[in-house]
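Engineer: Here the numbering used here is used: position 175 in the sequence shown is 155, and no number is missing along the way. Ideal placement from N, C-alpha and C gives every residue a C-beta, glycine not left out. I have a structure I would like to understand better, so I am pasting it below and will then ask my questions one at a time.
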Amino acid sequence: MRLDRRSVLTLLAATGLGPAFSVSARASGADPRALVLVLDDLAPGLSTDHLRAVLAPLVERGIPAGLILKPGAASFDPALATFLCRFFAEYPGLGEPVAWAADLGAATGYFQSRAASRARAGFEAGLARRDPKVALPVPVSIATPTSAGQEFGFDAVRTAGFRNVLLLDQGLVPTASVACQTNAVCMRGGARHRLVDGPPPLAKWIGGDGAASGLVQIVLSLEGIGALSATEIGHRAEALALLIDAQIAAGLAFVMSPREHVVWFEQAQDRACLILIDPPPPDAVQGFAALTQALDAAGVAYSVAGAGAPPLCLSLVPEPGLTVPEWAARLTDSGTDCLRGDPDPGTTARLAEAGLRLVLHRTPEAPLGMDGNGLFHLRDALTLDGAPDAAARLAALDITRDIVLGVTAAAYAAPAPRAALVQMLQDLNARDATRLATLPQFADRIAPADPALALLREMRADMAATPTPILPDPESEAALLLDDARQAWRFIDTMTEPVTGLCPATVFFAGIWTSSYRVLTMWDLASLLGGVMAAHELGLIDDVSFVARVETILGALPVITLNGHRLPPSEIATDRKAVVTADFNAYDTIRLLSVLREFEAHPLTTGLAAGLVAGWDIAPMVRGGHLYSVTSGRLEDTFRSQCSHYGARALGGWGIAAQSPYDLPPVETGTDGQMQVLSRAAWLGLLGAEPLLLEAVEMGLSAPSAVLADVLYSAQRRAHAQSGVFHAVSETVLDSPPWFAYHGLRIDDVRNRWGMTVLQADAAFQTEAFRRKAEVINTKAAYLWSAIRPGGYSAALLDHVRPRIRVADGGLSPGIYAASGQSMTDYTDINTNGIVLQAIAYILRGRKPRAPLV
């Protein structure tokens, strides 16, 4: 329920953070509005005299104000910072520091946490640590500009200790008090007014123009006050304070600081509190047992660091120089992703590479929030060590802060301090707006899972645990792969149409009859051409046959004209030179361009591909950096696709500039860059082996694709380890309706990682049950993974697939249904066979592309 001003003050009074006066209830025809005053634009050159002139009338009347502190601005000027430190320390209930992040609304998840953590670090570096003897209020509010279309998703700010977000508009917007997802609250809008412009229309704002949800936020800009004398500014501030006081006296408003919004809000959220107990030394075992028994009996939640099997958190043992694999082994052996202690920066970086999630620091000066390595840092707000003033220090902590309380053995070894500790924690458990939690509950509450970051950590842990893959024996691998290649080539050789040199897209072999789909897309055509080139490289056909096949295939490709542009068609017939679908498919054409570039680099086919591509008008189909398809005469932007990065590289290979979705602004750290890629890939859709690994085989793996390949490989490996079912997701034909499906990893879903997309809208194909039934262990993906990430899981995957996919009449089955373990018997397709041949040639070439693309 929403708390009134009196209830808020009751909660805050014990902490010493309430205003220095009490607000008496006054009769009014309507409930009074809650008024929040925030000072902004502490501009460079602002004098302490001017700021003192602004604050003095507010302090005199007990009107609290938040001060937005922007790193790099005047708020961190040495003289002004010293003044602010003194002001916050002397008037903790009237002056509240508010952190600032300019880009908070545009970020989500990890990047929002990083922005909030930078704001926290900026405040502490610029102000909080200026005078260690001065205890400043800890900011729980952070301000940011309102973003267009903002959906109030600000859960991640809580990782950096923020619980209240001030969304600032430039004009007059009714103030809204809203939930920011689950873990934070927001004040949006209100009225912005420059103090130099004279008294604001306060009565009008409080009367309704600036209020909603019973709340009015006033952002008082100090812009330009240096142009006036401090005396004049003091008069204007005095006039504002009198206006506010008049509204209070009339019973129309009451004032509160920004942080009070956390407990005032209608759906107020409790602060989270973690009691983290040190495990006992030998002389405190009995005291530890007595403590935990008493806490259990009282229903007080707690956790013990470095205890249990597996332990909740690994205690840091000073062992300088441990490598990333050694740290990974420690974490794997302990079964935890948490460390209790204060590692140095070098160790912290190695821990992140080993897959660590959380560092629980003992020192209050340690970092808080998400660092540039993707590590989440928490720190003790207070150490309970048996000191007699512990209860008073605990009571003085701000009720709006999430807190970690470290409990040392000194607090529980002897009966007297232990009894005091138990009573103290029972009292804390009974306090309003406080929720005690175990370590897992606490971490989940204030650091909601970021699915992409979880995948990145898992990948790091896997790579650290097995940094050097164990490769198969080259001779035995070559013999098996050549046998597989002959089987794949048998399909192409048998099913080739003599007139066109083309093959059917799919074929059912059913005893005495064969059913073929004699239509090819440009993607299919690329697989056929790639298979022919691989067969020649593997010695399955000679030079003459190779060149003759290529010339016949390319000669069978018709050209269409769309809007005056000559383009390859979307679909062609395989038994004659004919267009089946006169559209332009950008996705499929970029695959064809990628393979044709390899032909242009081949000494036997130089010039064939260039002549063909020169007859197409591909460049005009790139508009604003995006490649467009044409469907039924309409242009369609293809940028939002997992194909677009592969496509940008393929186009670049022909001198055509196009934008990649991974053309992103520079960031601070390597982890930030990896998370940029993962966030972008999540936006693009399901992530599968194609075209991701085709890029590696045909061009060489780019840096963004290398990150995605590592993450996808790790996710598949872990899924197999957990379920015993192999995962090798990609696009695939099916041997029953809906006949085709895209299987892939959902990067942005931590609970349902595996997804499927089909082209048919039938509701029967959209269920999770059908997805599980139709999920395929993809043959192409198995060979591509063996090519790109050899050894370990990929070797086991290929061993599982190889004996189950041979089609008696020639070729390889598209895959095995994961749920039933049954392969698509007597069914095969050109993409499977052509791409398997490409992958095998890549492996036997020494695992490097034929024509690397820089």
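Who does Met167 pair with in a DSSP beta bridge?
Structural biologist: Met167 is bridged to Leu146, Ser157.
Engineer: Report yes if the CB atom of Val339 is closer than 8 Å to the CB atom of Leu15, and no otherwise.
Structural biologist: Not a contact, by the Cβ cut-off of 8 Å.
Engineer: Short of 7 Å in beta carbon distance, which residues of its chain neighbour Gln150, apart from the five on each side in sequence? Order them along the chain.
Structural biologist: Result list for Gln150: Arg172, in chain order.
Engineer: Please confirm if the segment 685 to 694 is in contact with the segment 428 to 448, defined as three or more CB-CB distances below 8 Å between the two stretches.
Structural biologist: Counting Cβ pairs under 8 Å, three or more are found: they touch.
Engineer: Ignore the nearest five residues each way along the sequence and tell me which others in Ile810's own chain have a CB closer than 6 Å to its CB.
Structural biologist: Within the same chain, Ile810 has close Cβ partners Cys483, Ala485, Asp504, Ser507, Leu508.
Engineer: CB Arg836 to CB Ser201, shorter than 8 Å?
Structural biologist: No statement about residue 836 is possible, as the shown extent of the chain runs from -19 to 834 and does not include it.
Engineer: Which word fits Lys50, buried or exposed, when buried means at least 16 other C-beta atoms lie within 10 angstroms of its C-beta?
Structural biologist: Buried is the call here.
Engineer: Report yes or no: do the segment 532 to 540 and the segment 592 to 607 share at least 3 C-beta pairs separated by less than 8 Å?
Structural biologist: Contact holds: three or more Cβ-Cβ distances are below 8 Å.
Engineer: Comparing C-alpha positions only, which one of Pro718, Gly627, Ala459, Ala689 sits nearest to Ala821?
Structural biologist: Comparing Cα-Cα distances from Ala821 to each of Pro718, Gly627, Ala459, Ala689, the minimum goes to Ala459.
Engineer: Whose C-alpha, out of Leu500, Phe489, Asp464, is nearest the C-alpha of Thr480?
Structural biologist: Per the Cα distances, Leu500.
Engineer: Assuming Ile768 contacts Val781 under a Cβ cut-off of 8 Å, what Cβ separation, rounded to an integer in Å, is found between them?
Structural biologist: Rounded, the Cβ-Cβ distance is 16 Å, inconsistent with contact.
Engineer: Taking the straight line between their C-alpha atoms, what separation do you get for Ala744 and Ala798?
Structural biologist: Cα to Cα, Ala744 sits roughly 19 Å from Ala798.
Engineer: Just confirm the distance between the C-beta atoms of Thr569 and Pro600, as a whole number of angstroms; I'd bet it's less than 8 Å.
Structural biologist: So it is not a contact: roughly 13 Å between Cβ atoms.
Engineer: On a Cα-Cα basis, can you pick out the residue from Ala308, Asn353, Ala309, Leu311 that is closest to Pro325?
Structural biologist: Taking only the C-alpha atoms, the option nearest Pro325 is Asn353.
Engineer: Taking all protein chains shown into account, do 16 or more other C-beta atoms lie within 10 angstroms of the C-beta of Ser800, making it buried, or fewer, making it exposed?
Structural biologist: So Ser800 ends up on the exposed side.
Engineer: What is the rounded straight-line gap between the Cα of Val137 and the Cα of Arg143?
Structural biologist: Computed Cα separation, rounded: 7 Å.
Engineer: How about Asp597 and His545: do their beta carbons lie closer than 8 Å?
Structural biologist: Result yes, Cβ atoms of Asp597 and His545 sit closer than 8 Å.
Engineer: Touch check for the segment 650 to 664 and the segment 741 to 760: three-plus C-beta pairs under 8 Å?
Structural biologist: The answer is no - the segment 741 to 760 does not touch the segment 650 to 664, with fewer than three Cβ pairs under 8 Å.
Engineer: Taking all protein chains shown into account, decide if Gly519 is buried (16 or more other Cβ within 10 angstroms of its Cβ) or exposed.
Structural biologist: Gly519 is exposed by the Cβ-count criterion.
Engineer: My parser needs the beta strand (DSSP E) runs of 3 or more residues fully inside the segment 234 to 274; what are they?
Structural biologist: Taking only runs of at least 3 residues, the beta strand (DSSP E) segments lying wholly in the segment 234 to 274 are 251 to 257.
Engineer: On the premise that Leu644 lies in contact with Leu667, defined as a C-beta separation below 8 Å, what is that separation, rounded to the nearest angstrom?
Structural biologist: 17 Å between Cβ atoms; not a contact.
Engineer: Taking the DSSP output, what are the residues bridged to Met502?
Structural biologist: Looking at the DSSP assignment, Met502 forms no beta bridge with any residue, so it has no partner.
Engineer: DSSP has Leu664 in a bridge; who is on the other side?
Structural biologist: Leu664 is not bridged to any residue.
Engineer: Secondary structure at Val137, three-state DSSP: helix, strand or coil?
Structural biologist: Correct three-state label for Val137: helix.
Engineer: Among Thr155, Leu631, Pro180, which one has its Cα closest to the Cα of His606?
Structural biologist: When only C-alpha atoms are compared, the closest one is Leu631.
Engineer: Check the DSSP bridge columns for Glu551 and list the partner residues they point to.
Structural biologist: The partner list for Glu551 (beta bridge, DSSP) reads Thr501, Thr561.
Engineer: Note the first and the last residue of the continuous alpha helix (DSSP H) segment covering Trp307.
Structural biologist: Unbroken alpha helix (DSSP H) run through Trp307: 304 to 314.
Engineer: Here's a check: name, in chain order, each residue in its chain whose Cβ is nearer than 7 Å to the Cβ of Val730, leaving out the five neighbours to either side.
Structural biologist: Excluding residues within five positions, the ones whose Cβ falls inside 7 Å are Ala429, Pro431, Ala434.
Engineer: Using alpha carbons as the reference points, say which of Glu104, Thr126, Arg100 lies closest to Ala87.
Structural biologist: It is Thr126 whose Cα lies nearest to the Cα of Ala87.
Engineer: Is the CB-CB distance between Val756 and Thr812 below 8 Å?
Structural biologist: Cβ distance not < 8 Å, so Val756 and Thr812 don't count as in contact.
Engineer: If you pair each beta-carbon of the segment 421 to 428 with each one of the segment 385 to 402, do three or more pairs fall below 8 Å?
Structural biologist: Counting Cβ pairs under 8 Å, fewer than three are found: no touch.
Engineer: Secondary structure at Tyr807, three-state DSSP: helix, strand or coil?
Structural biologist: Three-state result, Tyr807: strand.
Engineer: Using alpha carbons as the reference points, say which of Ile205, Ala164, Cys166 lies closest to Leu19.
Structural biologist: Checking every option, the nearest Cα to that of Leu19 belongs to Ile205.
Engineer: With C-beta atoms as the reference, is Ala393 less than 8 Å away from Leu377?
Structural biologist: No. Outside cutoff.
Engineer: Hey, how far is the Cα of Arg830 from the Cα of Leu461?
Structural biologist: Answer to the nearest angstrom: the Cα atoms are 18 Å apart.
Engineer: Roughly how many angstroms lie between the CA atoms of Pro24 and Asp369, to the nearest whole one?
Structural biologist: Roughly 42 Å between the two C-alpha positions.
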